[in-house]
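Worksheet for the structure shown next.
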Amino acid sequence: DRIIAVINTGSSPARKLKELAKDGERLIDVTEGRRTRSLLVMDSNHVILSSIQPDTISQRLAALQLEPNVNAALKGRELE
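Per the numbering used here, the very first residue in the sequence shown carries number 16; after that it's consecutive.
Next comes the structure, spelled out in C-alpha cells:
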C-alpha cells in the first residue's frame, strides 16, 4: 500500500511534480540512464522515476496481488 499513483510523464502536472520532488530532495531515479516513462508517487511523498511503462507496472502489481492466492492454492494441491 505504499504506492499512491503511477502516472505517465508526458503531462505538465507530472513534470511539475517531478520538479517539486527534486527541489524537496524526494526524487528517486531508478531508470539506470534510460528514458523516464512513468512516475510512482509513494505514501512517503517520494517520487520514483521509472523506465517502465505505467500499464506494465499496473499489470505487475496486479499479478503480485494475485500471487498469494495462487501460492495457497498450489500448496493445497501438494497436500492432497
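For each residue, glycine too, the CB sits at the ideal point set by N, CA and C.
Because the structure is a prediction, the values reported are computed rather than measured.
Out of Leu79, Ser53, Glu47 and Thr46, point me to the one whose CA is closest to Pro28's CA.
If you compare the alpha carbons of Leu79, Ser53, Glu47 and Thr46 with that of Pro28, the shortest gap goes to Ser53.
For Arg49 and Ser66, believed in contact at Cβ under 8 Å, the rounded distance:
At roughly 4 Å, the Cβ-Cβ gap stays under 8 Å, so Ser66 and Arg49 are in contact.
In whole angstroms, what separates the C-alpha of Leu81 from that of Leu64?
In a straight line, the C-alpha of Leu81 is about 25 Å away from that of Leu64.
Ile43 vs Leu32 beta-carbon contact at 9 Å
At least 9 Å separates the beta-carbon of Ile43 from that of Leu32.
Which residues does DSSP list as the beta-bridge partners of Val45?
In the DSSP output, where bridge partners are listed per residue, Val45 has none listed.
Output the boundary residues of the beta strand (DSSP E) element that contains Ser27.
Where Ser27 is concerned, there is no enclosing beta strand (DSSP E), although the alpha helix (DSSP H) it sits in stretches over Ser27 to Asp38.
What does DSSP give as the partner residues of Asn23 in its beta bridges?
In DSSP, Asn23 forms a bridge with Ser53.
Nearest-angstrom Cα distance between Ile6 and Leu35?
In this structure the chain extends from 16 to 95, so residue 6 is not present and cannot be described.
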